[in-house]
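A.B. asks: First, the structure itself, so that you have it in front of you.
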Amino acid sequence: MNPARLGHLVLGNDGGINISFDNGDNWVKCNTPPVGQFYAVAVDMADDYNVYGGLQDNGVWTGPHNYKASVNWHDSGQYPYKTLLGGDGMQVAVDSRDNETVYTGYQFGNYYRIKRSSGESERITPQHQLGERPLRWNWQTPIHLSIHQQDILYIGANKLFRSFNQGKDWEAISEDLTKGGQKGDVPFGTLTTIHESPKRFGLIYCGTDDGLLHVTLDGGITWKNISEGLPTGYWVSRVQASSHEIGRVYVTLNGYRDDNFEAFVFLSENFGVTWQRLGTNELPLEPVNVLKEDPRNPDLLYIGTDHALYISLDRGQRFMLMNKLLPAVPVHDLVVHPLKNELIVGTHGRSLFLADVKHVQQLRDSILQQQLYAFEIPKIKHRENWGNAWSTWSKEVPQPEFALSVFSKTAGKLRISVMAGDLKLNSWEQTIAAGLHFPEYHGEILDNMVPVFAKQLNEKKKKEEKMLEVKKSKNGKHYLLKGTYSVVYEINGQKVTAYFTIE
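At position 40 of the sequence shown (counting the first as 1) the number is 42 in our numbering, and the numbers step up by one without a gap.
As structure tokens, then:
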């Protein structure tokens, strides 16, 4: 309450900040920065794909992956993300055959099959049989859509259910996989995570909130408790069957509900018979919410904790922060798009982030053992109006973004030179650490090189009447013309070259 102005209220809540100037009769919603609290994220396989997510107290939403958070949509009144369902939004699975059929729900197992274009929905939650005890559903009930046949859907209560027809009919394919439940404020003794092996139909892992992990190798006919060797009693936050090796499986446990903040990450190479703990030296006291294996690189892991995002390039032997431009915030879910090589990060408090991970995916021994490695530079389209503005009041046309990327095994001063044949058009140095770097370059030519560059271009065009001119843009810079150029990287006596084309 503002003591200097009657009726002026500022309210902070889990949806952001709201302001009133009339004692609460009317409110202004201040949604910058976005403060969405995502429980779960998913993607479809459309060429221009969409992102889906369930949020605390804010339902389930979907929107384009290439939307960048801003208030520009206020002009059109069309917010790019659309709501699919209310309540507390939970997990999402999308049928990739049509990118249209969506399975999602709200708290305590209330799930629906939704046709996205029409908005048609049908409740699909399985019910207990007459005479049976009611099922126990976790607040964030887990679902899983089979990658092998996408009419097959799994959902977990205190036992695992399977549907062969998109959730119209269900059968329980396990007995109670928990320790039996306890009385309390919410259901306890529930499944928390389900994952079917991408390499074999019917190889399914299930984890529970009371610390049990089970596997079936035969589609639910028989089950085996594989919790031995894991810390006892802790919430199983994620189980991930490898898409690269049939017997490989990862599991993370979360002990903060028992005042244990250790990062519990485990790997098995034999279907959970034995376990190896990962990250004991690199991961700090931060409970782990999610682990995902990269679909392309079997040694690349992503881990979301209650404070950050970490990656490993050697299958969990060492971890490092992946936090440039990502705030220190709980990461509750991750998904790597298998076709677009992009990582979607669902945070619990700062909404969604996207990272292009195609360079990280390439960091295998063949590159990591090189002193210096230059990645391919994508083509770019030429624009005559780079750096110009349409009028005094308009913004200038953005400079080009050249996606330079280089890996250095050592730290030092990296010199970068942009060349047209043997002619050096631009050059600069920057101090770098060992690792992957993305030097910024916007296509500028140094002023003293412009006449030399123009002369070189026109010497190649002697038979043509029209001479080329390298014009100065209104921002005072000269930019590259159409053609093929090279970028030379040099550090500690090592040199590598990459080429790019402006079409």
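Note that beta-carbon positions come from the ideal geometry of N, C-alpha and C, so glycine has one too.
#1: Quick one: what does DSSP say Gln363 is sitting in, helix, strand or coil?
#2: Terminal residues of the continuous alpha helix (DSSP H) containing Lys457?
#3: If you draw a straight line from the C-alpha of Asn15 to the C-alpha of Leu57, how long is it?
#4: For Glu505, which of Asn387, Lys381, Glu386 has the nearest alpha-carbon?
#5: Rounded C-beta distance between Leu215 and Ile196? I'm assuming under 8 Å.
#6: Strictly by DSSP, which residues pair up with Leu430?
#7: Are Pro289 and Asn325 touching if we call contact CB-CB under 7 Å?
#8: Less than 7 Å between the C-beta atoms of Ile418 and Pro402, yes or no?
#9: With DSSP as the reference, identify every bridge partner of Val12, one or two as the case may be.
#10: Note the first and the last residue of the continuous beta strand (DSSP E) segment covering Lys326.
#11: Give me the Cα-Cα distance between Asn262 and Ser353, rounded to the nearest whole angstrom.
#12: Is there contact here, the region 77–87 with the region 369–376, by at least three beta-carbon pairs under 8 Å?
#13: Can you tell me which of Leu303, Gly274, Asp211, Lys226 puts its alpha carbon nearest to the alpha carbon of Arg259?
#14: From this set, Asp308, Gly169, Lys497, which residue's C-alpha is nearest Lys411's C-alpha?
#15: Per DSSP, what are the beta-bridge partners of Arg358 in this structure?
#16: Just tell me which of Gly222, Thr192, Ile248, Asn494 has its CA closest to the CA of Glu271.
#17: With DSSP run on the structure shown, which of helix, strand or coil describes Asp516?
#18: Could you check which residue in Gly231, Lys84, Ile154 has the C-alpha nearest to that of Asn60?
#19: Please state whether DSSP places His480 in a helix, a strand or coil.
#20: Taking contact to mean at least 3 C-beta pairs separated by less than 8 Å, is the region 293–312 in contact with the region 237–252?
#21: Between Val333, Leu356, Asp335, which has its C-alpha nearest Glu344's C-alpha?
#22: Beta-carbon separation of Ala330 and His350 under 7 Å?
#23: Would you mind stating whether Tyr105 and Arg115 have Cβ atoms separated by less than 7 Å?
#24: Using CA coordinates, which residue listed in Gln109, Ile21, Glu102, Pro5 is at the minimum distance from Met47?
#25: Write down the C-beta distance between Met421 and Val490 rounded to the nearest angstrom, noting that I regard them as a contact closer than 8 Å.
#26: For Val408, list the residues DSSP reports as bridge partners.
#27: Output needed for Ile175: all residues of its chain with C-beta closer than 6 Å, excluding positions within five of it in sequence on either side, in chain order.
#28: Assign Glu198 to buried or exposed, taking buried as 16 or more other Cβ atoms, counted over all protein chains shown, within 10 Å of its Cβ.
#29: Can you tell me whether Pro215 is helix, strand or coil according to DSSP?
#30: Could you tell me which residues DSSP pairs with Ile504 in its beta bridges?
#31: Would you kindly check if the distance between the Cβ of Met3 and the Cβ of Leu13 is under 7 Å?
#32: Can you say whether Ala413 is buried or exposed, counting buried as having 16 or more other CB atoms within 10 angstroms of its CB?
#33: In angstroms, rounded to a whole number, what distance separates the CA positions of Gly38 and Ser72?
#34: Can you list, in chain order, the residues of its chain whose CB lies under 6 Å from that of Thr433, leaving out five sequence neighbours each side?
#35: So is Arg250 buried or exposed if we call it buried at 16+ other beta carbons inside 10 Å?
#36: State the DSSP-derived secondary structure class of Ser239, mapped to helix, strand or coil.
C.D. replies: The structure says:
#1: helix
#2: 452–461
#3: 14 Å
#4: Lys381
#5: About 11 Å; that fails the 8 Å criterion.
#6: For clarity, residue 430 is Trp in the given sequence; the question names Leu instead. Trp430 pairs with Ile418.
#7: no
#8: no
#9: Ile21
#10: Note, Lys326: premise wrong, no beta strand (DSSP E); not H, not E.
#11: 26 Å
#12: no
#13: Asp211
#14: Lys497
#15: Reading off the sequence shown, one finds Asp at residue 358, where the question assumed Arg. Beta-bridge pairing links Asp358 to Glu344.
#16: Ile248
#17: Missing from the structure shown is residue 516; the chain here goes from 3 to 505 and no further.
#18: Lys84
#19: strand
#20: yes
#21: Leu356
#22: no
#23: yes
#24: Glu102
#25: 6 Å
#26: Ala376, His439
#27: Leu162, Arg164, Gly222
#28: buried
#29: The sequence given here has Leu at residue 215, not Pro. Three-state DSSP puts Leu215 in a strand.
#30: Ile382, Gly485
#31: no
#32: exposed
#33: 14 Å
#34: Lys415
#35: buried
#36: strand
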